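Residue numbers (my numbering): 45 to 395.
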Amino acid sequence: MFRRCGSLALAVAVFCSCCALGKEMTDIEVLTALPTRCTYEHAYDMYGAHCAGLRLDKIPSLRSGIEILDFSDNKLPEIGSDTFSSYTSLKYLYLSENMIFTIHENAFDYLTGLISLDLSKNVIMNIPPNILQLPSLRKLYLGGNPIVGQMGSLDKLAENKDIAAPLELLDISNCKLEHLPDWGLLPQLLLYNVSNNPLRKLEANHFAVMCNLGKVDLTKAIDDIPLCRLRQAISWFQDKRIFFQLDDYSQLNSREFDKCPLSDVEAVYNETYHVCKKEYLQMESSRTSRRTWLTISGGLAGFLVIFMLILYLMHRANVARTKTAAEKMKSSKPRPDGDKKASVVLLDDVS
Ligand SMILES: *[C@@H]1O[C@H](CO)[C@@H](O)[C@H](O)[C@H]1NC(C)=O
Ligand SMILES: *[C@@H]1O[C@H](CO)[C@@H](O)[C@H](O)[C@H]1NC(C)=O
Numbered sequence: 045m046f047r048r049c050g051s052l053a054l055a056v057a058v059f060c061s062c063c064a065l066g067k068e069m070t071d072i073e074v075l076t077a078l079p080t081r082c083t084y085e086h087a088y089d090m091y092g093a094h095c096a097g098l099r100l101d102k103i104p105s106l107r108s109g110i111e112i113l114d115f116s117d118n119k120l121p122e123i124g125s126d127t128f129s130s131y132t133s134l135k136y137l138y139l140s141e142n143m144i145f146t147i148h149e150n151a152f153d154y155l156t157g158l159i160s161l162d163l164s165k166n167v168i169m170n171i172p173p174n175i176l177q178l179p180s181l182r183k184l185y186l187g188g189n190p191i192v193g194q195m196g197s198l199d200k201l202a203e204n205k206d207i208a209a210p211l212e213l214l215d216i217s218n219c220k221l222e223h224l225p226d227w228g229l230l231p232q233l234l235l236y237n238v239s240n241n242p243l244r245k246l247e248a249n250h251f252a253v254m255c256n257l258g259k260v261d262l263t264k265a266i267d268d269i270p271l272c273r274l275r276q277a278i279s280w281f282q283d284k285r286i287f288f289q290l291d292d293y294s295q296l297n298s299r300e301f302d303k304c305p306l307s308d309v310e311a312v313y314n315e316t317y318h319v320c321k322k323e324y325l326q327m328e329s330s331r332t333s334r335r336t337w338l339t340i341s342g343g344l345a346g347f348l349v350i351f352m353l354i355l356y357l358m359h360r361a362n363v364a365r366t367k368t369a370a371e372k373m374k375s376s377k378p379r380p381d382g383d384k385k386a387s388v389v390l391l392d393d394v395s
């Protein structure tokens, strides 16, 4: 009896340890069975491929027609001229946290509909100037690319000064920059992130070319600049109602800062600022006039379609009417053999 109990207990113990072992196995399996393929989904009315965190070192062959590609957190080492040539409908491209070192100068030329490009947290050496000519690009993230700052690549990028992309957000945070690149006019820019850079100077003229700027992130960017050298830029921000983000405002609220000499920045940079405003208004008016034309031509096209439809319906109604009229005429005509019968009847009556 005892023995049986003992063996039962042993069996239970073995069973349980088996269970535990089995559980461990499945845990390992789960770990090794992480997704290795991109998945597809619809998001915000767009079709997208999700390939983040798959440890891929090249872009696999994806379904064409995707508008979003999340390829962040992989091991992509470079972007060639044809890496994205098959995905011309891309609007949102996320390539942050890869190992991108080089980018071909024509790498993004096919992506004329691209709205947002995230290249942050890579080791990019060069950024092709063509990026700034993309006609739809509104958000550009270049933050967390230390080599870019050290090699002066952003200065080279800005050299052209003729930025066609309607940039609204520019992130160059965490790029080991000691000075900010001279971009030329950026009339549409709303948010400028220059945080986490060891800047040596901050000048108002740098911001006069951004006449619609609403916010600049200066967190951990101006700690190395002598207090009075900040006065001009800060008063520009205050004047133009630009929100500047800092981790500590106490220095700027000090009496020492108030005593710093202040030149009339408005007078100095007013011209640049107004050139920027003018360009912005031109862009806006051309955009609204384009929209108006689109509306008008769309309305006309719609009207034409409806008009043609009415004409067609009227035509069909006409055809139907003539047909029934013809049929009526046909059916009202006396039948030839009916006539015969009638005459026979007549003849019968006579006889
Ligand atoms: C600026 O970039 C940093 C990362 O470098 C980020 O933490 C911060 O939120 C960004 N600021 C804004 C206003 O988006
Ligand atoms: C700035 O420029 C505009 C037009 O260019 C002018 O109307 C305005 O008076 C100027 N303001 C100052 C303070 O110089």
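Glycine included, each C-beta is placed from N, C-alpha and C at the ideal position. Bear in mind the structure is a predicted one, so any value in this text is a computation, not a measurement.
Excluding sequence positions up to five away, which residues of its chain have a Cβ less than 7 Å from the Cβ of L65?
Because the pLDDT of L65 is 44, which lies under 50, any placement of that residue in the model is unreliable, and the question is left without a value.
Need the endpoints of the beta strand (DSSP E) that S160 sits in, please.
Element bounds for S160: S160 to D162.
Tell me L214's beta-bridge partners as DSSP assigns them.
Paired residues: L184 and Y236.
Less than 7 Å between the C-beta atoms of A265 and V238, yes or no?
yes
Quick check on H94: does DSSP put it in helix, strand or coil?
strand
Check D371 in the structure and name its three-state DSSP category.
Rather than Asp, the amino acid found at residue 371 in this sequence is Glu. In this structure, E371 counts as helix in the three-state DSSP scheme.
Skipping 5 residues on each side, what residues in its chain have a beta carbon closer than 6 Å to that of L161?
L137 and L184
Measuring alpha carbon to alpha carbon, tell me which of C272, H250 and I286 ends up nearest V260.
I286
For the region 137-155 against the region 107-117, do three or more pairs of beta-carbon atoms, one drawn from each stretch, fall closer than 8 Å, so that the two count as touching?
yes
Please report the distance separating the alpha-carbon of A202 from that of H223.
13 Å
How would the residue list near ligand 1 read, in chain order, if you kept each one whose beta-carbon is closer than 5 Å to any heavy atom?
G187, S217, N218, N237, S239 and D261
Once you ignore the five residues that flank G188 on each side, which residues in its own chain have a CB closer than 8 Å to its CB?
S140, S164, K165, N166, S217, N218 and C219
Since I believe Y91 is in contact with G109 (beta carbons under 8 Å), could you give me their beta-carbon distance rounded to a whole number of angstroms?
6 Å
Determine contact between the region 249-256 and the region 275-294, defined as no fewer than three beta-carbon pairs at a distance below 8 Å.
yes
Within 10 angstroms of its Cβ, does Q232 collect 16 or more other Cβ (buried), or is it exposed?
Looking at its Cβ environment, which holds 16 or more other Cβ atoms inside 10 Å, Q232 is buried.
Do you know offhand how far F145's Cα is from F152's?
15 Å
Per DSSP, which one or two residues make a beta bridge with H437?
Outside the shown range of the chain, which is 45 to 395, sits residue 437, and nothing can be said about it.
Could you give the distance in angstroms between the alpha-carbon of G342 and the alpha-carbon of T368?
Spanning the two alpha carbons is a distance of roughly 39 Å.
Report yes if the C-beta distance between P225 and D206 is below 7 Å; otherwise report no.
no
Do you know offhand how far S307's Cα is from Q276's?
7 Å
Between which two residues does the alpha helix (DSSP H) containing K200 stretch?
Per DSSP, the unbroken alpha helix (DSSP H) holding K200 starts and ends at S197 to A202.
Where does D393 fall in DSSP's three states?
Low confidence applies to D393: its pLDDT is 48, below 50, so where it sits in the model is not reliable enough to give any reading.
For E111 and T339, I'd like the C-alpha separation in whole angstroms.
25 Å
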